[in-house]
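Take a look at the structure below.
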Amino acid sequence: MSRLGLAVALAASSALARPDNLFYFPTSNTQVSVCAYVDNAGKDFRCGGNRYAGHRGTDIGLSLGSTVLAAAAGKVIMRTDGCPYGGIGSTCGGGFGNHVVVFHATGDTSIYGHLTAGSNIVANGSQVGCGDRLGASGSSGNSSGPHLHFETRIGASAGSPYSGSTDDPFAGTCSGPITYWANQGTGYVSSCGAGPSGGAHPQSATTCGCPAGTYPLWNCNDAKTARVRCSGGQVQTEACANGCEVKPYGTDDVCSPPPPCPAGLGAAWTCSGANERSRCVDGQVTKEACALGCEAPSGAEATCKAKPSCPQGVGAAWTCSGDGQRRERCVDGQVDTEPCATGCSAGTPDATCNAAACPAGLSAAWSCTTQGLERARCEAGQVTRETCAHGCEDTADGAACKSEGTVDPQTPPGCPAGTFARWTCELDGTTLARCVAGTVQTTHCAGQCVRSAAGEDDRCPDLGTLAPALESQKATGGCSTAGGLVSPLLLLAALRRKRA
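Each residue of the sequence shown is one higher than the one before, starting from 1 at the first, in this note's numbering.
Below, the structure is given as structure tokens:
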């Protein structure tokens with residue numbers, strides 16, 4: 001009948017006993033505890049909280065089938081048997097289930113409730129003495145579990161079993177100065193089964209197996225954030241995300257239902273925008289961004305579009321293509337391709353395009369060109385040229401353009417810087433040039449020109465086959481001339497004479 005809780009200590013030993021009718025604890029068990037006391041305006045007899053609203057008895061924790069004894073001598077004026085194992089809300093036996101009511105000579109009654117059916121419950125009308133067996137404990141009627149409901153009433157009538165007023169058998173600050181017990185003491189009550197002076201039943205240290213403030217029914221915690229119950233010594237706690245609702249006595253407190261979800265939203269994902277999907281669970285709306293867009297296939301949940309896949313064999317690292325003329329990679333489904341003009345080479349982690357080759361004679365360091373009017377260098381196959389208006393000269397740090405006013409001692413008077421009186425191969429390797437009396441003359445060789453020793457003319461490849469007369473005129477075999485040089489006819493005649 002009660003919500004079983006932790007027993008608390010009995011009243012102080014200064015309580016006054018009823019000299020005309022001393023009660024003894026109604027069981028021979030030596031290891032029991034009071035689980036709930038009489039409700040005295042919201043307090044138990046010691047002004048504690050081990051009671052529940054409207055409770056008119058003392059709930060004693062007993063295992064199923066424990067012997068129940070008469071607390072004092074008297075006559076059985078009510079006996080009820082046949083109620084099955086009960087539960088909260090049962091009305092069998094008026095809520096007491098199988099029970100016995102004993103009328104005492106002082107006009108008081110004691111009620112023993114929730115007995116086990118068929119446990120040889122004492123017959124109605126029987127005279128019983130203190131400590132006589134009345135039946136066995138159980139959980140019939142409006143009961144949360146096996147225990148004995150012991151209730152005392154004063155001013156009762158022998159012809160009316162449930163008459164009189166409830167009176168707390170324990171003396172205390174919140175119940176009154178009179179105790180029904182032969183030896184209430186401090187935390188102990190004497191048992192009929194062991195006699196008035198022995199058989200102490202501890203009330204303060206033992207429990208019904210459950211912590212104080214816990215009951216077989218679900219109860220909201222003080223913060224209303226969870227509900228708690230205890231059954232068989234096992235405490236269960238259930239979180240209430242939306243709060244806990246207190247229900248009427250005898251029924252479970254419940255977790256508050258979640259707030260309603262917005263219209264159109266449920267537990268399944270739906271597209272809530274071009275780049276978003278949403279759902280609602282227990283009133284909580286969850287949104288998820290979809291970087292590549294949201295899609296909702298027919299009959300299925302909305303999903304965020306997946307990144308496009310990359311072609312097989314192409315990943316985030318650069319790799320050479322099959323023909324070796326480009327490198328490629330794929331990131332988030334996007335393929336990048338880079339041509340390699342000079343071929344591709346595999347590497348770790350990335351493949352690289354081969355560097356372009358530099359022309360012969362050029363490197364990363366600056367060098368003067370043959371004509372001496374510019375300097376050039378080559379890096380990664382890229383040639384850079386720089387005009388030197390006043391000529392080019394070699395230095396310890398590489399070739400450098402000469403400053404204004406600098407004159408090359410080999411440059412004839414009136415001639416541009418970088419030109420010489422002797423024939424000199426130009427940078428293209430097929431042109432010869434010289435300067436005479438301020439006039440620059442050029443001629444082109446059929447093949448690569450040949451560089452001569454310092455101070456001598458450079459020449460076209462077959463200069464050595466010309467006659468001495470032609471050489472003395474600075475004619476170049478196999479060359480065409482301009483600017484007053486030997487004519488092609490004269491050159492051809494010289495070649496024919498040589499062949500003859």
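The C-beta atom is built at its ideal place from N, Cα and C for all residues, glycine as well.
Being a predicted model, the structure only gives us computed values, none of them experimental.
Name the one or two DSSP bridge partners that residue i has.
i: Q382; result: E379
i: G74; result: V128
i: H149; result: D59, G113
i: S278; result: T270, K287
i: A306; result: For A306, which the question treats as bridged, DSSP gives no partner whatsoever.
i: P339; result: R326
i: Q334; result: V331
i: R79; result: V100
From residue i to residue j, what does the alpha carbon distance come to, in whole angstroms?
i: A158; j: G97; result: 21 angstroms
i: C290; j: C304; result: 5 angstroms
i: T27; j: I178; result: 22 angstroms
i: C506; j: Q312; result: Since the first residue shown for the chain is 1 and the last is 500, residue 506 is missing from the structure and cannot be characterised.
i: E319; j: S363; result: A quick correction: the sequence has Thr, not Glu, at residue 319. Roughly 29 angstroms between the two C-alpha positions.
i: S309; j: A263; result: 36 angstroms
i: G193; j: A73; result: Residue placement at G193 cannot be trusted, given a pLDDT of 41 that sits under 50; what the coordinates show is reported in the next sentence. When rounded, the distance between both Cα atoms is 13 angstroms.
i: D252; j: E245; result: 9 angstroms
i: Q236; j: G125; result: 45 angstroms
i: C220; j: G243; result: 9 angstroms
i: D350; j: D462; result: 51 angstroms
i: T424; j: R434; result: 6 angstroms
i: A317; j: P257; result: 54 angstroms
i: C353; j: D336; result: 14 angstroms
i: Y52; j: R133; result: 29 angstroms
i: A281; j: T58; result: Reading off the sequence shown, one finds Val at residue 281, where the question assumed Ala. Those two C-alpha atoms are separated by around 46 angstroms.
i: T166; j: C255; result: 35 angstroms
i: G347; j: E276; result: 41 angstroms
i: C92; j: V38; result: 22 angstroms
i: T411; j: R451; result: 18 angstroms
i: R327; j: A355; result: 14 angstroms
i: A341; j: H444; result: 32 angstroms
i: C174; j: S63; result: 29 angstroms
Which residue's Cα is closest to the Cα of residue i: the options?
i: T431; options: S126, T369, C378; result: T369
i: L22; options: D81, T109, S298, Q441; result: T109
i: Q448; options: A433, E456, G429; result: G429
i: A357; options: R375, F420, L373, G381; result: G381
i: G135; options: G82, G86, T166; result: G82
i: N142; options: A360, S126, A123, T116; result: T116
i: D323; options: R385, G372, S345, A302; result: S345
i: G118; options: A399, S137, G129, Q127; result: S137
i: A421; options: T442, A376, A171; result: T442
i: A171; options: G89, Y85, R279, N40; result: N40
i: A365; options: G398, P339, G299; result: G398
i: G86; options: S144, P169, G54, K43; result: S144
i: A182; options: C130, R229, S139; result: C130
i: S321; options: E338, P413, V331, T384; result: E338
i: G299; options: C415, R375, T270; result: T270
i: G391; options: P413, T419, G42, P169; result: T419
i: T387; options: S403, T395, I121; result: S403
i: V314; options: V331, A306, E426, T286; result: V331
i: D457; options: E379, H55, E426, C35; result: E426
i: V285; options: A268, A296, A274; result: A268
DSSP three-state label for residue i, please.
i: G93; result: helix
i: V68; result: strand
i: A467; result: Caution applies to A467, whose pLDDT of 30 falls short of 50 and renders its modelled position unreliable; the model cannot decide the point.
i: D394; result: strand
i: E426; result: coil
i: H104; result: coil
i: C271; result: strand
i: E456; result: coil
i: F23; result: strand
i: T369; result: coil
i: L217; result: coil
i: L265; result: coil
i: Q312; result: coil
i: V122; result: coil
i: I154; result: strand
i: R46; result: coil
i: Y85; result: strand
i: S363; result: coil
i: T443; result: strand
i: E301; result: coil
i: R434; result: strand
i: W181; result: strand
The region 156-163 in contact with the region 58-69 per 3-pair CB rule at 8 angstroms
Not touching, per the Cβ criterion.
Taking three-plus beta-carbon pairs below 8 angstroms as touching, is the region 96-116 in contact with the region 142-157?
Yes: at least three Cβ pairs fall under 8 angstroms.
Would you call the region 101-109 and the region 43-60 in contact, with 3 or more CB pairs under 8 angstroms?
Touching, no.
Three or more C-beta pairs below 8 angstroms linking the region 70-85 and the region 109-123:
At 8 angstroms Cβ cutoff, the stretches touch.
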